[in-house]
DNA sequence: ACTACTCATTTGTACATACAAGCCTAGAAT
DNA sequence: ATTCTAGGCTTGTATGTACAAATGAGTAGT
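Protein chains in written order, with this note's numbering: chain A, 1 to 141; chain B, 1001 to 1141.
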């Protein structure tokens, strides 16, 4: 059955969750080439762009809780893609050589993901939707 | 930081997930009075409306995997809100007395959830968004 | 200098969900 | 009848995420 045919096709809870799960699945596919989950990949990309970023800053930009960020970094550290250095009460996250080497592949995955969702929906409509979703998310405190 | 201010505010992955998590949180609050998570509540409401529904049908309408449905039913059974009866190779789910007694409260929660999201966003815009999200979800195979 | 307080991070634990493999039961093929 | 197959459900296990409590390091009050 399609989501649009479901009993709950007018329910925000239903729509938001269903969409997110499907998008997650698509993203998972797109980032398979680098063997990272989408959130790991986004975090790594941020660190590559701004080496020495703090976890709290990552949490802000990715809109994830600090504890989740810790968990994501842990895994990237295991894979030796980033390293943490503790400076006083804060932690700085740096990409490793191996992490840096991954940048082009990451960008490729990013592009792939973007394309595979773009071909399903009109560019303008898509942009509108994404903006609306962010807006509503912000209102939800 | 707000989602609209994030580095990734144009990314579908980011927008869909951020929104879904926030909506989930709001829904969680709304259904606290009946001490059920939103998905448990929706499942129960479906069973109340159509006693004897099969898990596969629930999975279809709620757009969740069969295994997730099993897990949801298990918990509702523990709470003695529904019961399962195996008829040949299929399973039928029925509400219990206790489950039926919960119907008015469930409807109240449902209304609350709807209202608390409605006061944040224009009715028409909201309806549009929900419809668009379902549509896109369907296209994401 | 001692205490209390705050902030950034981590840890233990829990929840929502899914995938893959297994288990029954019903019906089909022989 | 016996075996094969398919469908519906369940089970083991894994992923993504968060909350609440714990840690540890600066900071302010006295």
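All C-beta atoms, glycine included, are put in the ideal place defined by N, C-alpha and C.
- Within a 10 Å sphere around the beta-carbon of residue 1035 of chain B sit fewer than 16 other beta-carbons, which makes this residue exposed.
- Around the beta carbon of residue 1099 of chain B, a 10 Å sphere encloses 16 or more other beta carbons of the protein chains shown; the residue is thus reported as buried.
- Close to chain A, meaning a Cβ-Cβ distance shorter than 8 angstroms, are the following residues of the segment 1028-1039 of chain B: 1038.
- A Cβ-Cβ distance of about 6 angstroms is found for the pair residue 40 of chain A and residue 72 of chain A, placing them in contact under the 8 angstroms criterion.
- In the DSSP annotation of this structure, the continuous segment of the beta strand (DSSP E) that includes residue 87 of chain A starts and ends at 82-87.
- Within 10 angstroms of the beta-carbon of residue 1132 of chain B lie 16 or more other beta-carbons, which makes it buried.
- Bounds of the beta strand (DSSP E) holding residue 1090 of chain B are 1090-1095.
- Only those residues of the segment 77-104 of chain A whose C-beta falls short of 9 angstroms from the nearest C-beta of chain B would be listed, and there are none.
- Excluding its 5 nearest sequence neighbours in each direction, residue 1024 of chain B has C-beta neighbours in its own chain below 8 angstroms: 1038, listed in chain order.
- Non-local C-beta neighbours of residue 77 of chain A in its own chain, meaning closer than 8 angstroms and more than five positions away in sequence, comprise 83 and 84, ordered along the chain.
- Residue environment for residue 1061 of chain B: buried (at least 16 other C-beta atoms within 10 angstroms of its C-beta).
- One alpha carbon belongs to residue 1119 of chain B, the other to residue 11 of chain A, and they sit about 15 angstroms apart.
- Only residues of its own chain outside the window of five on either side were considered, and among them 1038, 1041 and 1109 have a CB closer than 6 angstroms to the CB of residue 1031 of chain B, listed in chain order.
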